[in-house]
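J.: Protein chains in written order, with our numbering: chain Z, 3 to 215; chain L, 29 to 272; chain C, 26 to 448.
Think of the CB as a built atom: it goes at the ideal place given N, C-alpha and C, for glycine as much as any other residue.
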Amino acid sequence: MCSIKPFILLIIFTTFLLNGELIAQDSTKINDKDSAEVNVQQKGRYAFILYAGGGWFNYIGSVGSSGIASNTAVVRARPTSTFRIMWHPDHRLRVGIESGYENFYTYTVQNDTSSGKVNLRGIPLLLVWSMAVTKRLNIFAGFGYYLLTTDLNYKGHVKSSAFSLGTNVSVNYVQPLSPKLGIGAELKWTNATQTKDYGISAQVLLVWKFFEW
Amino acid sequence: MPIKLAVLPFLLVVLVIGSSLTAMAQDSLPEAKHAAIIFPYPMYSEKWRSSIGLTLLTTPEDITEAVRVRVPSIDFRVLRRINDHFMAEGRINSQILQNQLAVGIQYVLPLTDRLFLSAGAGVGYWFGFLTVEGFNSKGSGWLTYPNLSVGYRTKSNLLITARAQSSINLYYKAFNGNEELSSGKVFYNGETFTIALEQPFYHHKHLTLAFSAINNYFYWQTWLLFYRVNRKIFYPQITVGFIL
Amino acid sequence: MRTIFIITCSLLVFVSCKKDYKAPVPDYNNWDAFTAAARLALSSQSRSAMEGVYGLTDGNDIFGDTVAVKWSYVITGTDTLYHLSFFCGKDIAYIICEGKKSNGDILLNGYWRKMNGVETGIVRFSIKAQQGADLIAGNGAITPGSIIISGVFGNGQTVPGTSISFSYGRKLFNNGPFRILAHRSGGRTSDLLPVSENSVEMIRKTSEFGSNGIEIDVRLTSDGIPILYHDNTINLRETQKSGLIGPIENYTFDQISTFIRLVHGEKVPTLRQALDAVVYQTGLSFVWLDTKYIGSLKVVRALQKEYIQKAAVAGRNLTIVIGLPTTDALDDFLALPDYADAPNLCELGLDDVERSKAEFWAPRFTLGTQNELVAQVHAAGKQAFVWTLDVPEFIEQYLRDGHFDGILSNYPSSVAYYYYVQH
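1. Beta-carbon within less than 8 Å of D349 (chain C)'s beta-carbon, same chain only, minus the 5 sequence neighbours each way: which residues are those?
2. Does P91 (chain Z) have its Cβ less than 7 Å from a Cβ in chain L?
3. So P70 (chain L) and V136 (chain L) are in contact, right, with Cβ under 8 Å, and what is the actual spacing, rounded?
4. Taking the runs of the alpha helix (DSSP H) that are 4 residues or longer, which of them lie wholly in the region 353-400 of chain C?
5. Need the endpoints of the alpha helix (DSSP H) that M133 (chain Z) sits in, please.
6. Take the Cβ of I319 (chain C) as the centre, count every other Cβ of all protein chains shown within 10 Å, and call the residue buried at 16 or more, exposed below.
7. Can you have a look at F429 (chain C) and say buried or exposed, based on whether 16 or more other CB atoms are within 10 angstroms of its CB?
8. Taking contact to mean at least 3 C-beta pairs separated by less than 8 Å, is the region 174-192 of chain L in contact with the region 216-232 of chain L?
9. By how many angstroms is the C-alpha of L65 (chain C) removed from the C-alpha of G102 (chain C)?
10. Would a check of beta-carbon distances place L95 (chain Z) closer than 7 Å to chain L?
11. What residue does the alpha helix (DSSP H) around E331 (chain C) start on, and which one ends it?
12. Let me know if E240 (chain C) comes out buried or exposed under the rule of 16 or more other beta-carbons within 10 Å of its beta-carbon.
13. T197 (chain Z): which of C:R195, C:G271, C:S171, C:D242 sits nearest, CA to CA?
14. So which residues on chain Z does S215 (chain C) lean against when the C-beta distance must stay under 9 Å?
15. Tell me, please, which residues DSSP counts as bridged to W251 (chain L).
16. Quick check on the DSSP output: the alpha helix (DSSP H) that includes Y72 (chain L) runs from which residue to which?
17. Should L167 (chain Z) be flagged as near chain L, meaning a C-beta pair shorter than 7 Å?
18. What are the uninterrupted segments assigned as beta strand (DSSP E) that are 3 or more residues long and contained completely in the region 227-301 of chain C, given in chain order?
19. Between F163 (chain L) and chain C, is the shortest Cβ-Cβ distance under 7 Å, so that the two count as touching?
20. Quick check: the Cα distance between A441 (chain C) and Q408 (chain C), rounded to an integer number of angstroms?
21. Can you give me the start and stop residues for the beta strand (DSSP E) that Y444 (chain C) sits inside?
22. At the level of alpha carbons, what is the spacing between Y480 (chain C) and V225 (chain C)?
23. In this structure, how does DSSP classify D130 (chain C) when only helix, strand and coil are distinguished?
24. Beta carbon of T264 (chain C), beta carbon of I285 (chain C): below 7 Å?
25. For Y10 (chain C), which beta-bridge partners are listed by DSSP?
26. How long is the line joining the alpha carbons of L272 (chain L) and E207 (chain L), rounded to whole angstroms?
27. Please go through the same chain and pick out, in chain order, the residues whose beta-carbon is closer than 7 Å to the beta-carbon of D216 (chain C), but skip the five residues on each side of it.
28. Roughly how far, in whole angstroms, is the beta-carbon of G102 (chain Z) from the beta-carbon of S132 (chain Z), given that I think they are within contact range, below 8 Å?
29. Would you say Y156 (chain Z) reaches chain C, if we count a Cβ-Cβ gap shorter than 7 Å as a contact?
30. Measuring CB atoms only, is the region 79-96 of chain Z touching the region 46-64 of chain Z, in the sense that at least three cross pairs come out at less than 8 Å?
31. Apart from the five residues just before and just after S79 (chain L), which ones in its own chain have a Cβ nearer than 7 Å to its Cβ?
32. Starting from D90 (chain L), trace the alpha helix (DSSP H) in both directions and tell me its first and last residue.
33. According to DSSP, simplified to helix, strand and coil, what is Q155 (chain C)?
34. Hey, which unbroken runs of the beta strand (DSSP E) at 3 residues or more fall wholly within the region 156-189 of chain C?
35. Taking the straight line between their C-alpha atoms, what separation do you get for E214 (chain Z) and L84 (chain L)?
36. Taking the beta carbon of T267 (chain L) as the centre, do at least 16 other beta carbons fall within 10 Å, making it buried, or is it exposed?
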């Protein structure tokens with residue numbers, strides 16, 4: 003059976019590059035009012051932008067195995083956060099690094115003799131590329147690793163970690179509050195591909211142009 | 029999947045577009061010096077184009093197990109004008125212990141001032157060696173790479189390329205100690221689909237950002253692990269390069 | 026324009042679709058004649074007489090020109106189940122059958138598989154009474170051409186209909202106890218076998234693939250129980266998804282047993298369970314314990330001693346060695362108070378073979394046949410194996426040009442073919 007899940011990224015990447023067409027009309031037309039926007043760079047000027055946000059993550063992948071005792075209760079919706087620093091050069095394409103905190107899921111088990119709980123979470127460590135679709139709408143695609151951690155409470159407590167290759171794709175809208183500050187909303191697809199852990203999150207972001215030259 | 033089936037849908041779309049369009053004269057196209065290396069842009073006023081970057085490949089866990097991410101490969105590409113529509117291309121991929129050199133020819137056809145087509149073929153020679161503890165191995169081989177590309181130049185400086193490339197294995201040789209294995213069996217090795225973005229990045233520097241889906245029976249970067257299997261293995265690859 | 030591009034790129038997605046490969050064993054238990062037939066009771070002499078190198082007179086294009094035919098067995102409770110395996114010279118193919126008798130004929134029912142791909146199919150063979158079944162039962166000498174195995178084979182789950190026949194040629198090559206060792210007890214997850222690597226189920230099945238010994242990977246849980254597990258971490262290559270991450274050594278055996286299942290649903294076995302299966306359920310004669318952890322080997326050594334003794338009591342010819350793949354493992358081994366009495370296999374240099382008093386040396390195949398070093402090993406009264414040899418051409422070359430006493434492979438059927446068809 004053919005699996006196309008890995009190519010969801012390819013489709014989104016394609017949409018990402020197609021939408022890049024739009025910015026030809028917008029982002030290169032800089033006027034005084036535009037240059038006051040946190041997401042816009044004047045020609046010849048560079049900046050570092052910080053994105054810090056939090057929201058809710060919904061785990062979509064499958065959880066558990068046939069080894070798990072009966073009566074599992076899975077919690078898939080959990081808090082999440084993002085921390086991203088992007089370098090905005092004087093053109094359309096941006097690059098940066100992203101981290102944060104993804105709470106994937108929790109499930110409990112109950113068998114005849116014991117009960118237990120498993121929590122899986124991840125810290126993304128990604129290299130992120132982005133393009134502004136319009137002045138305020140941005141698309142991001144990241145590649146790198148997730149540091150995954152299991153917290154197991156079952157006949158003892160174990161906290162164990164490992165790295166997983168992963169990607170993410172997100173789109174956000176940034177409403178400027180001042181020339182250096184903005185507030186935004188972001189929708190993100192997260193995929194720790196090596197362990198097949200994935201889901202979608204919605205977050206509120208604070209955007210801060212903290213350094214410009 | 030045989031080559032004709034794999035490339036057929038791609039060819040179909042290209043023919044549909046191409047049949048309704050006419051070729052563009054050179055004086056209506058802006059210069060693309062330092063701006064395109066994968067994008068099929070004709071070399072009217074320049075002799076050379078080149079880029080330097082990295083490619084990064086991941087391999088499926090069930091095949092290569094713990095070794096998921098290969099060492100990034102240096103990726104050097106060069107184009108040399110032959111005439112308005114033909115160009116010679118060369119490519120060097122190096123991971124020091126294993127390397128590939130490829131040369132080929134591209135025919136570029138501008139269909140409009142925004143849409144471009146190219147067809148080409150190349151030959152690649154790969155070689156590798158490992159003589160550290162537990163290894164006394166060498167390998168080398170030849171492959172050929174017929175390819176087709178479609179490029180779209182946006183109103184800004186963004187160049188988008190979709191490229192389909194086949195791989196045909198011509199020859200393989202490996203040594204372990206004094207034991208040699210060689211095969212001149214020519215077989216269809218698989219296909220690679222690439223989507224590339226080329227655009228200005230900072231100042232006047234242009235960047236290539238590409239994602240490739242490689243589906244091969246044998247891939248030269250994993251020569252030490254196995255020769256070939258009778259099922260295709262999927263290798264996603266990212267390319268980042270600066271156009272010089 | 027954008028629409029055209031979306032279409033183009035979607036088509037690219039379609040044609041570059043990542044395929045999930047599977048090679049399920051077809052359900053061959055629907056041959057009525059076989060179901061109705063009686064149990065095949067062959068003496069060990071009869072089974073041995075039937076083994077040999079057979080030439081194919083039909084089906085050569087699929088399976089090659091010769092096959093090596095060999096019996097194996099596995100014990101389940103009080104029952105012993107025999108399998109007849111055909112190891113083929115083409116595409117690392119093998120055929121595995123069970124046998125019954127019907128009106129003087131022998132019926133063989135099973136399946137075939139090509140290990141370098143995913144092709145499988147059902148086989149149905151028979152040996153007519155006058156074409157060798159009588160001889161096999163002990164009524165006469167077996168000579169070239171005196172046994173004809175004929176029948177049909179098919180593809181996938183389809184009812185077999187393509188003719189195939191084998192004619193007895195000669196006895197299997199036998200030049201002393203050559204070890205055909207199966208990697209990870211039988212093969213890797215990526216080989217798409219019906220059972221998981223490093224499992225009791227694989228140990229029970231491995232002889233059908235041609236192996237007479239196994240290599241298994243040993244790790245310790247956090248509560249000190251030796252288990253069979255290869256990789257450094259819990260991952261989807263070896264296990265079904267469970268939410269548990271990181272080194273398996275971080276978890277107790279109880280936790281592993283509750284939450285972890287191998288890819289085909291089996292539990293992670295303890296070393297004790299694995300050796301129990303080897304001694305009491307199989308005819309395997311060699312076990313290579315590849316210690317994947319750094320730390321005391323005391324508990325592994327204790328189990329090794331216990332099961333060597335159990336094997337002796339059970340009348341089994343069984344060698345169990347502790348593998349020493351690294352200098353750390355060698356140091357841990359030398360720290361054992363009775364290391365001089367512990368059978369072991371050293372993968373390092375010949376000096377380390379001497380230090381550990383190893384009876385076996387096992388270099389990597391990537392160093393070549395190393396005939397001079399192997400000769401030194403033999404001169405010291407030791408044996409040499411080579412690992413992990415999977416390319417059929419190399420297996421043939423190493424058997425022809427090398428002097429190893431055994432080969433470790435993910436494709437024991439290929440090693441079995443090239444070994445047994447030698448003249």
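T.: On the basis of the supplied data:
1. What you label residue 349 (chain C) is simply residue 324 of the third sequence in a count that begins at 1. Correcting the residue type first, residue 349 (chain C) is Leu in the shown sequence and not Asp. For L349 (chain C), same chain residues with a beta-carbon under 8 Å away, outside a window of 5 residues either side, are T316, L355, F358, N369, L370, C371, E372, L373, D377, S381, A383 in chain order.
2. Taking the first sequence and counting its residues from 1, one reaches residue 91 (chain Z) at position 89. Output row for P91 (chain Z): interface = yes.
3. To locate residue 70 (chain L), count along the second sequence from 1; it is residue 42. To locate residue 136 (chain L), count along the second sequence from 1; it is residue 108. Indeed, because the Cβ distance is near 5 Å, the residues count as touching under 8 Å.
4. Here the runs fully enclosed are 375-381.
5. The count along the first sequence starts at 1 and reaches residue 133 (chain Z) at position 131. From DSSP, M133 (chain Z) is part of no alpha helix (DSSP H) but of the beta strand (DSSP E) over 117-134.
6. The residue given as residue 319 (chain C) occupies position 294 in the third sequence. Per the 10 Å Cβ criterion, exposed.
7. The residue labelled residue 429 (chain C) in the question sits at position 404 within the third sequence. Its Cβ being crowded by 16 or more others within 10 Å, F429 (chain C) is buried.
8. yes
9. Translated into positions along the third sequence, residue 102 (chain C) becomes position 77. Translated into positions along the third sequence, residue 65 (chain C) becomes position 40. Approximately 19 Å, taken between the alpha carbons.
10. Here the question's residue 95 (chain Z) lines up with position 93 in the first sequence. So, interface residue.
11. Here residue 331 (chain C) refers to the residue found at position 306 when the third sequence is read from its first residue. Looking at the DSSP string, the run of the alpha helix (DSSP H) that includes E331 (chain C) is 323-338.
12. Within the third sequence, numbered from 1, the residue matching residue 240 (chain C) stands at position 215. That one is buried.
13. Within the first sequence, residue 197 (chain Z) is the residue found at index 195, counting from 1. Checked all of C:R195, C:G271, C:S171, C:D242; the closest Cα to T197 (chain Z) is C:G271.
14. By one-based count along the third sequence, residue 215 (chain C) stands at place 190. The premise fails here: S215 (chain C) is roughly 15 Å from chain Z at the closest Cβ pair, so nothing lies under 9 Å.
15. Stepping through the second sequence from its first residue, residue 251 (chain L) is reached at position 223. Beta-bridge pairing links W251 (chain L) to no other residue.
16. For the purposes of this step, residue 72 (chain L) is identified with residue 44 of the second sequence, where counting begins at 1. Element bounds for Y72 (chain L): n/a, residue is neither H nor E.
17. Position 165 of the first sequence, counting from 1, holds the residue named residue 167 (chain Z). By this cut-off, L167 (chain Z) is an interface position.
18. 238-245, 251-253
19. Translated into positions along the second sequence, residue 163 (chain L) becomes position 135. Yes, F163 (chain L) lies at the interface with chain C (some Cβ there is under 7 Å from its Cβ).
20. To locate residue 441 (chain C), count along the third sequence from 1; it is residue 416. To locate residue 408 (chain C), count along the third sequence from 1; it is residue 383. About 19 Å.
21. The residue labelled residue 444 (chain C) in the question sits at position 419 within the third sequence. Y444 (chain C) -> not in any beta strand (DSSP E); alpha helix (DSSP H) instead, spanning 437-445.
22. Any property of residue 480 (chain C) remains undetermined from this structure, which presents chain C solely from 26 to 448.
23. As a working note, residue 130 (chain C) is residue 105 in the third sequence. Collapsing the DSSP output to three states places D130 (chain C) in a strand.
24. Position 239 of the third sequence, counting from 1, holds the residue named residue 264 (chain C). Position 260 of the third sequence, counting from 1, holds the residue named residue 285 (chain C). Contact: yes.
25. In the structure as shown, chain C begins at 26 and stops at 448. Residue 10 (chain C) is therefore absent and cannot be evaluated.
26. The residue given as residue 272 (chain L) occupies position 244 in the second sequence. The residue given as residue 207 (chain L) occupies position 179 in the second sequence. Rounded to whole angstroms, L272 (chain L) to E207 (chain L) spans 43 Å at the Cα level.
27. Walking along the third sequence from the start, residue 216 (chain C) turns up at place 191. The residues are M140, N435.
28. Here residue 102 (chain Z) refers to the residue found at position 100 when the first sequence is read from its first residue. Here residue 132 (chain Z) refers to the residue found at position 130 when the first sequence is read from its first residue. So it is not a contact: roughly 15 Å between Cβ atoms.
29. By one-based count along the first sequence, residue 156 (chain Z) stands at place 154. Interface residue, yes.
30. yes
31. Walking along the second sequence from the start, residue 79 (chain L) turns up at place 51. Excluding positions up to five away in sequence, the list reads I65, R105, T236, G269, F270, I271, L272.
32. Taking the first residue of the second sequence as position 1, residue 90 (chain L) is located at position 62. Residues 89-92.
33. Start at 1 with the first residue of the third sequence, and residue 155 (chain C) comes out as number 130. Three-state DSSP puts Q155 (chain C) in a helix.
34. 173-178
35. Here residue 214 (chain Z) is taken as the residue at index 212 of the first sequence, counted from 1. Here residue 84 (chain L) is taken as the residue at index 56 of the second sequence, counted from 1. Roughly 31 Å separates the two Cα atoms.
36. Translated into positions along the second sequence, residue 267 (chain L) becomes position 239. Classification of T267 (chain L): buried, given that the 10 Å Cβ count is 16 or more.
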